[in-house]
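Novice: In this text, residue positions in the sequence shown follow my numbering: the first is 33, and each later residue adds one.
Each residue gets a CB set at the ideal place from its N, CA and C atoms; glycine is no exception.
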Amino acid sequence: MKKRQNRSGITLVHTGDGKGKSSSAFGMVFRAAGWGMRVCVIQFIKGKWLTGEQKAAAKFDTIEWHALGDGFTWDTKNPEQDIQTSRQIWGLCQRKLRSGDYDLLVFDEINYCIHYGWITASEVATFIAEEKPPWMHLVLTGRNAASEIIALADTVTDMRMVKHAFKDKGVTAQQGIEF
């Protein structure tokens, strides 16, 4: 607990149209776990399929992983279900943050849900500003980060796409790179 009291918790936002937003957050997850920190990852979009990062996280006692989304929502056939799922996941985020059990929390792809209007930027920003312990680190990922989220953050990285294997060459998602 003393380590926590001396820590300045940072809120980070990884946004932009380039690759690497979640990957960067997961790098922090493993870095924190390597230092014995308690970590929780909550994924808004990723579906129920197993990923390499989940398999790696399972090797650590200090990493808790929740992949709770309905899949890639830009292909949605049921927006009401996407809203309901996002609201339920946001409720879990609130409980995990309030618990104080974690040194690092990752709300992976939450920015998409805010951008689509399923969760409001003001409710997320207000909740974080009022409830996040000062020693806790928090990472929010996803394209189109809202201005309220950017204003709240201590560090914001806007990842810019220069080239992309799928868009430029039609190369589909590759194991070990995208999942």
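1) Using C-beta distances below 7 Å, list every residue in its chain close to residue 184, excluding the 5 sequence neighbours before and after it, in chain order.
2) Roughly how many angstroms separate the alpha carbons of residue 207 and residue 84, rounded to a whole number?
3) Identify the residues that DSSP records as bridge partners of residue 147: which are they?
4) The beta strand (DSSP E) spanning residue 187 covers which residue range?
5) Would you call residue 200 buried or exposed, if buried means 16 or more other Cβ atoms sit within 10 Å of its Cβ?
6) Leaving aside the five residues before and after residue 54 along the sequence, list all residues of the same chain whose C-beta is less than 6 Å from its C-beta, in chain order.
7) According to DSSP, simplified to helix, strand and coil, what is residue 172?
8) Check whether the Cβ atoms of residue 118 and residue 145 sit closer than 8 Å, and answer yes or no.
9) Just the C-alpha distance for residue 113 and residue 154, rounded to the nearest angstrom, thanks.
10) Who are the near neighbours of residue 213 in its chain, counting only those whose CB is closer than 8 Å to its CB and skipping five residues on each side?
Specialist: The structure says:
1) 43, 157, 160 and 161
2) 8 Å
3) Paired residues: none, contrary to the question.
4) 187-190
5) exposed
6) 140 and 173
7) strand
8) yes
9) 22 Å
10) Lying before the first or after the last residue shown, residue 213 is absent from the chain, which here runs from 33 to 211.
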